[in-house]
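Trainee: Residue numbers (the numbering used here): 892 to 1110. Sharing a structure, written as structure tokens. Questions coming.
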């Protein structure tokens, strides 16, 4: 018989907090800029975003994609580093940055008696300590593994094994979600059940994750 799921593991950017592609529209409104001053398509319009297509094909690292965007954004911040860009984009309350579907999912996980974790490549590198301290979700999961500290980036198998070890779980007993297809393939390679998170459909993605974890989401 298959083993029961005991843990659910989240990527941070995308599944938990809204993507910069979503935050940029709010930034434009706050600055009084014309809509689509920053014409970033990403997963919402990959046909119009050649650099994003390179990320998906493996020709360009995700961090290098955001370095390109930070250079464009420097006209607003005076700095071309990623942290400065994201500080400006996420200069909002945590309630506006964090997906409500993620918060409900975490409640459902706890109700089901499962453990939870964040496995992220860039949380500490991309976001300020002040912003991260405001995100209650981070404090409420059981384990956080951030490659900004460990320097072991998904889809390296060691990243998944590190978080499983910290959870006291095994690949067969954990479900993982991430918005990047190559990170999903990395989780599959170590034997984990992995659900691709479609940032265009957070509700549907979390419903699929709940089914994989073996419980029904609360409405």
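Ideal Cβ positions, reconstructed from N, Cα and C, are used throughout, including at glycine.
Verify whether the separation of the beta carbon atoms of residue 1066 and residue 1053 is less than 8 Å.
Mentor: In terms of Cβ geometry, residue 1066 and residue 1053 do not form a close pair [threshold 8 Å].
Trainee: Would you identify the three-state DSSP class for residue 1110, choosing helix, strand or coil?
Mentor: With a pLDDT of 32 at residue 1110, under the threshold of 50, the predicted position of this residue should be treated as unreliable, and no value is reported.
Trainee: Residues in its own chain within less than 8 Å of residue 1032 by CB, not counting five upstream and five downstream?
Mentor: 901, 997, 1007, 1008, 1009
Trainee: For a test of the three-state rule: what should DSSP assign to residue 1006, helix, strand or coil?
Mentor: strand
Trainee: Need the endpoints of the alpha helix (DSSP H) that residue 1061 sits in, please.
Mentor: Unbroken run through residue 1061: none, as it is neither H nor E.
Trainee: Does the beta-carbon distance from residue 977 to residue 1020 come in below 8 Å?
Mentor: Against a cut-off of 8 Å, the Cβ pair of residue 1020 and residue 977 comes out as no contact.
Trainee: Go through its chain and collect everything with a Cβ distance to residue 1092's Cβ below 6 Å, but skip five positions before and after it.
Mentor: none
Trainee: Would residue 1051 and residue 1077 be called neighbours here (beta carbons separated by less than 8 Å)?
Mentor: yes
Trainee: Give me the Cα-Cα distance between residue 933 and residue 995, rounded to the nearest whole angstrom.
Mentor: 26 Å
Trainee: Could you check whether the region 1081-1088 touches the region 923-940, counting it as contact only if at least three pairs of C-beta atoms, one from each stretch, sit closer than 8 Å?
Mentor: no
Trainee: Spatial neighbours of residue 892 within its chain, please: C-beta separation below 6 Å, excluding the five flanking residues on both sides.
Mentor: With a pLDDT of 42 at residue 892, under the threshold of 50, the modelled position of that residue is not reliable, and the figure given next carries that caveat. So the list is empty, once near-sequence residues are dropped.
Trainee: Can you find a heavy atom of the ligand NAP that lies under 7 Å from the Cβ of residue 926?
Mentor: The ligand NAP is not among the ligands present in this structure, which contains no ligands whatsoever.
Trainee: Taking residue 1005 and residue 899 to be in contact with their CB atoms under 8 Å, please state how far apart those CB atoms are, rounded to whole angstroms.
Mentor: Contact holds; Cβ gap of about 6 Å.
Trainee: Measuring straight from C-alpha to C-alpha, what distance separates residue 1037 and residue 968?
Mentor: Using only the alpha carbons, I get a separation of about 26 Å.
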